[in-house]
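Take a look at the structure set out below.
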């Protein structure tokens with residue numbers, strides 16, 4: 453797990469890994485969540501576990517979160533979790549700043565709830581051409597996934613075997629899952645709305661460059 457106090461801070465960390473660790477092609481995870489969200493609370497309760505569990509499998513960045521913050525900075529900071537003996541904090545101000553920057557440099561738009569974004573790092577540069585976007589709160593509410601923990605275990609296991617967004621999508625059976633959920637939704641929605649609604653309510657693969 454990496455702090456991502458700002459979008460530019462994340463880019464600097466990625467550049468460091470490219471330059472010093474030769475990580476040129478990889479999958480970058482951006483975990484967009486806040487402590488006040490139901491899924492955010494569940495994630496934070498197990499964040500230390502996720503930190504150790506991910507290891508070298510995938511780099512997750514947490515917008516608005518960080519450690520070793522000076523007492524005189526970030527007046528709205530809140531202590532939210534302790535990872536390996538180090539206190540981590542959250543700042544709504546910095547979270548919003550990160551969101552605005554990500555929306556500025558891509559076509560992504562924040563849903564207002566918890567999302568997991570999987571973005572490809574190609575030849576040392578972030579590529580938004582094939583971004584996987586998961587709406588975690590909707591997935592939990594509608595029973596698409598049993599729990600955040602089970603979902604992340606699957607993501608980490610798949611990412612340990614590939615760093616291609618397309619291969620990750622295939623491995624997770626996203627197309628099949630879409631069809632199953634579309635069938636369920638069509639029972640409740642008008643036929644002309646079902647397909648569009650089902651495709652984007654839970655997860656999607658998009659070109660957001």
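In my numbering, the protein residues as written are 453 to 661. Think of the CB as a built atom: it goes at the ideal place given N, C-alpha and C, for glycine as much as any other residue. In this text the structure is predicted, and so the values were computed from the model without any measurement.
Residue range 478-484 is occupied by the beta strand (DSSP E) that includes residue 479, with no alpha helix (DSSP H) assigned at that position.
Per the DSSP secondary-structure output, residue 514 pairs in a beta bridge with 455. A direct Cα-Cα distance of roughly 28 angstroms separates residue 600 from residue 574. Looking at the DSSP output, residue 585 shares a beta bridge with 569 and 656.
If you look at residue 539, you'll find it isn't in any alpha helix (DSSP H); it sits in the beta strand (DSSP E) that goes 538-542. Under the DSSP assignment, residue 500 falls in the alpha helix (DSSP H) whose first and last residues are 499-506. Leaving aside the five residues that flank residue 534 on each side, the residues in its chain whose CB is nearer than 8 angstroms to its CB run, in chain order, 500 and 540. Per DSSP, residue 561 is not a residue of any alpha helix (DSSP H), being assigned neither H nor E.
At the C-beta level, residue 550 and residue 522 stay beyond 7 angstroms of one another.
Residue pairing by DSSP places residue 535 opposite 538 in a beta bridge. Residue pairing by DSSP places residue 579 opposite 572 in a beta bridge. The shortest C-alpha to C-alpha distance from residue 519 to any of 657, 458 and 585 is the one to 458.
Boundaries of the alpha helix (DSSP H) around residue 605: 600-611. Relative to residue 611, the option among 455, 481 and 486 whose CA is nearest is 481. Residue 566 sits close to residue 491, with the two beta carbons spaced by under 7 angstroms. For the 7 angstroms CB-CB criterion, residue 584 and residue 484 do not form a contact. 453 is the residue among 453, 471 and 548 whose C-alpha sits nearest the C-alpha of residue 495. Between residue 479 and residue 608, the C-beta gap is not smaller than 7 angstroms, which leaves the two residues out of contact.
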